[in-house]
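Here is the structure we will look at, set down as structure tokens.
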Amino acid sequence: MTLSHPAYGRLRAVTETASVLLADNPGQMTLDGTNTWLLRAPGRSEYVVVDPGPEDHAHTDAIVRETGGAIALTLITHHHPDHTDGIDRLVELTGTPVRAVEPRFLRGKGTPLADGEVLEAAGLRITVVSTPGHTEDSVSFLLDDAVLTGDTVLGSGTTVLEGRDGALGDYLDSMDHLVELAEGRALLPAHGPDHPAADPVLRYYIRHRQERLDQIREALRVLGADASPEQVVERVYADVDESLWPAAQHSVQAQLSYLRSRN
């Protein structure tokens with residue numbers, strides 16, 4: 001039987017080289033849960049794991065079961081705990097080395113991931129693409145037939161940005177870079193459903209971000225140039241569940257910083 005998203009705890013094949021295990025950690029920020037990607041070339045016995053997911057023994061045990069514990073390398077898209085809290089148990093059970101941008105997540109003898117680095121494991125060539133914006137350490141992974149985008153691009157909804165200065169400029173640059181690289185490839189996100197073509201999703205994300213910027217410009221025209229992120233959120237996100245407003249404030253802060261730096 002062919003599985004469709006969401007399918008908790010069951011390996012779902014997506015492309016010739018990528019299958020996914022969905023962690024049972026749904027929520028407002030995780031959508032249906034965290035996607036743990038299992039990658040390998042046809043005919044190979046070892047796997048590359050991308051994002052071990054949360055600290056959930058059932059999920060980690062499912063990764064071990066489906067890989068037979070034969071994990072050549074584990075990769076991390078960014079530091080958030082729903083992607084990284086499962087690292088230590090997976091290492092304990094399989095001995096997998098772990099690579100990430102942030103040194104605190106490294107296990108084994110590997111070094112921090114570098115933009116443009118090409119990894120060879122499980123019969124695959126995987127290119128590391130720096131895609132900051134959601135977090136400073138966010139990276140995507142480029143395969144011949146797909147791009148794994150972590151939380152930089154989700155399978156549904158939109159991405160929350162860091163509130164730091166420069167986050168939106170970084171994010172827009174990341175999106176433009178992904179558009180250049182992703183033509184003809186599937187989109188494999190860390191949350192939400194996968195998509196057979198990355199390009200339309202990426203272009204939607206860029207349009208959406210520009211539309212939000214226009215809405216914030218209008219809000220500043222009404223509220224005044226010195227309006228706070230809280231005031232802007234109340235106006236621009238009035239149709240969004242208020243429980244999501246704190247997260248929206250991070251994105252709004254990044255967008256206000258972006259607009260004010262250009263005035």
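Going left to right, the sequence shown walks through residues 1 to 263 as the UniProt record's numbering numbers them. Cβ coordinates follow ideal geometry from the N, Cα and C atoms, glycine included.
Q: Might you give, ordered along the chain, the residues of its own chain that have their beta carbon closer than 6 angstroms to the beta carbon of L75, omitting 5 neighbours on each side?
A: Translated into the one-based positions of the sequence shown, residue 75 becomes position 75. Excluding positions up to five away in sequence, the list reads V50, R99.
Q) Which residues does DSSP pair with W37 in a beta bridge? A) Numbered from 1 along the sequence shown, position 37 holds the residue referred to as residue 37. W37 pairs with V20, V50.
Q: Using a threshold of 8 angstroms, state whether the C-beta atoms of V147 and L178 are closer than that.
A: Taking the sequence shown and counting its residues from 1, one reaches residue 147 at position 147. Taking the sequence shown and counting its residues from 1, one reaches residue 178 at position 178. Contact: yes.
Q) A186 and P200: beta carbons closer than 8 angstroms? A) Counted from its first residue, the sequence shown places residue 186 at position 186. Counted from its first residue, the sequence shown places residue 200 at position 200. Contact: no.
Q. Taking the C-alpha atoms as reference points, what is the distance between L256 and G192?
A. Working through the sequence shown from its first residue, we reach residue 256 at position 256. Working through the sequence shown from its first residue, we reach residue 192 at position 192. Roughly 28 angstroms between the two C-alpha positions.
Q. Buried or exposed: where does Y204 fall if 16 or more other Cβ atoms within 10 Å of its Cβ makes it buried?
A. Walking along the sequence shown from the start, residue 204 turns up at place 204. The residue in question, Y204, is exposed, as its Cβ has fewer than 16 Cβ neighbours within 10 Å.
Q) Measuring CA to CA, which of H79, D88, M29 is closest to H57? A) Locating residue 57 in the sequence shown gives position 57, counting from the first residue. Checked all of H79, D88, M29; the closest Cα to H57 is D88.
Q. Could you check where the beta strand (DSSP E) with T127 kicks off and where it finishes?
A. Here residue 127 corresponds to residue number 127 of the sequence shown, with the count starting at 1. Residues 124–130.
Q. Whose C-beta lies closer than 6 angstroms to the C-beta of H78 among residues of the same chain, with five residues either side of it excluded?
A. Looking up residue 78 in the sequence shown gives position 78. Once the five neighbours on either side are set aside, the close Cβ partners of H78 are T135, D137, S138, G150.
Q.
Based on DSSP bridge pairs, tell me the residues matched to R99.
A. For the purposes of this step, residue 99 is identified with residue 99 of the sequence shown, where counting begins at 1. Answer by DSSP bridge pairing, in chain order: L75.
Q. Can you tell me whether DSSP reads Y8 as helix, strand or coil?
A. As a first step, residue 8 is located in the sequence shown; it is residue number 8 there, counting from the start. It is a strand residue.
Q) Between the beta-carbon of G110 and the beta-carbon of V128, is there less than 8 angstroms? A) Translated into positions along the sequence shown, residue 110 becomes position 110. Translated into positions along the sequence shown, residue 128 becomes position 128. Contact flag unset, no.
Q | Counterpart residues of F141 in DSSP-defined beta bridges | A | Residue mapping note: residue 141 aligns to position 141 of the sequence shown, counting from 1. Answer is V128, L148, bridged to F141.
Q) According to DSSP, which residues form a beta bridge with V232? A) Working through the sequence shown from its first residue, we reach residue 232 at position 232. Answer by DSSP bridge pairing: none, since V232 is not bridged.
Q: Select from D165, L181, A72, T84 the residue whose C-alpha is nearest the C-alpha of H250.
A: Counting from 1 along the sequence shown, the entry for residue 250 is found at position 250. The shortest C-alpha separation from H250 is found at D165.
Q.
Quick check on DSSP: helix, strand or coil for A62?
A. What you label residue 62 is simply residue 62 of the sequence shown in a count that begins at 1. If DSSP states are grouped into helix, strand and coil, A62 belongs with the helices.
Q.
Using DSSP's beta-bridge definition, name the partner residues of P189.
A. Working through the sequence shown from its first residue, we reach residue 189 at position 189. P189 is bridged to G150.
Q.
Taking a contact to mean a Cβ-Cβ separation below 8 angstroms, would you say L142 touches L124 in this structure?
A. Within the sequence shown, the letter at position 142 stands for residue 142. Within the sequence shown, the letter at position 124 stands for residue 124. No, the pair does not count as a contact, with Cβ atoms beyond the cut-off.
Q. On the three-state DSSP scale, how would you describe A227?
A. Counting from one through the sequence shown, the residue named residue 227 turns up at place 227. Coil.
Q. For A219, which three-state DSSP category applies?
A. Taking the sequence shown and counting its residues from 1, one reaches residue 219 at position 219. Helix.
Q: Report the option in A114, T84, E120, A238 whose CA atom is closest to the CA atom of R107.
A: Residue mapping note: residue 107 aligns to position 107 of the sequence shown, counting from 1. Answer by Cα proximity: T84.
Q. For Y171 versus L181, is the C-beta distance shorter than 8 angstroms?
A. By 1-based counting over the sequence shown, the position of residue 171 is 171. By 1-based counting over the sequence shown, the position of residue 181 is 181. No; because the gap between Cβ atoms is not below 8 angstroms, this pair is not in contact.
Q: State buried or exposed for G95, treating a residue as buried only when at least 16 other CB atoms are found within 10 Å of its CB.
A: By 1-based counting over the sequence shown, the position of residue 95 is 95. Its Cβ having fewer than 16 others within 10 Å, G95 is exposed.
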